[in-house]
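Numbering (my numbering), first residue to last: 243 to 337.
So the structure is just underneath, and the comments pick up after that.
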Amino acid sequence: MIADFDFERVIADRSYDAEDFLKKIAEKEAEAVIPPRKNRKEQREYDRHLYKERHLIECFFNKIKHYRRLFSRFEKLDQRLLGFLSFAGALIWLR
């Protein structure tokens, strides 16, 4: 899933707290901003302030779901979908 990307950090929820996934992130020399599961024997630290930014992304996804054209993916070409996503993002930002 992350093999072809370059990144500085990975922000994800608790479901991605697996040793194999964390090792792959460490191999890419990136920071894992993933809260540990509650049943983990050794709780590890993560940047709570950066993790709060994930909430902003989740809220944006919830807002663009109100645009049926984006949610249903009527556009067949990626360029047109990205154009309408930019338009919807501008409308959300202007509110």
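A virtual CB, placed ideally from N, CA and C, is assigned to each residue, including glycine.
Since the model is a prediction, treat every value here as computed from it, not as a measurement.
For residue i, the three-state DSSP class (helix, strand or coil)
i: I306; result: helix
i: I244; result: coil
i: R296; result: helix
i: Y315; result: For the record, residue 315 in the displayed sequence is Arg; it is not Tyr. Coil at R315, not helix or strand.
Beta-carbon gap between residue i and residue j smaller than 8 Å
i: A245; j: I276; result: no
i: L323; j: R315; result: yes
i: E250; j: A272; result: yes
i: R327; j: L312; result: Sequence inspection shows Leu at residue 327; the Arg mentioned does not correspond to that position. Closer than 8 Å, so yes.
i: P278; j: D262; result: no
First through last residue of the alpha helix (DSSP H) which encompasses residue i
i: R290; result: R290 to Y293
i: L327; result: D320 to L336
Exposed unless 16 or more other CB atoms sit within 10 angstroms - verdict on residue i
i: I267; result: buried
i: A332; result: exposed
Entirely enclosed alpha helix (DSSP H) segments - the region 252-294, minimum 4 residues: Within the region 252-294, the runs of alpha helix (DSSP H) that reach at least 4 residues and sit entirely inside it are, in chain order, 261-269 and 290-293.
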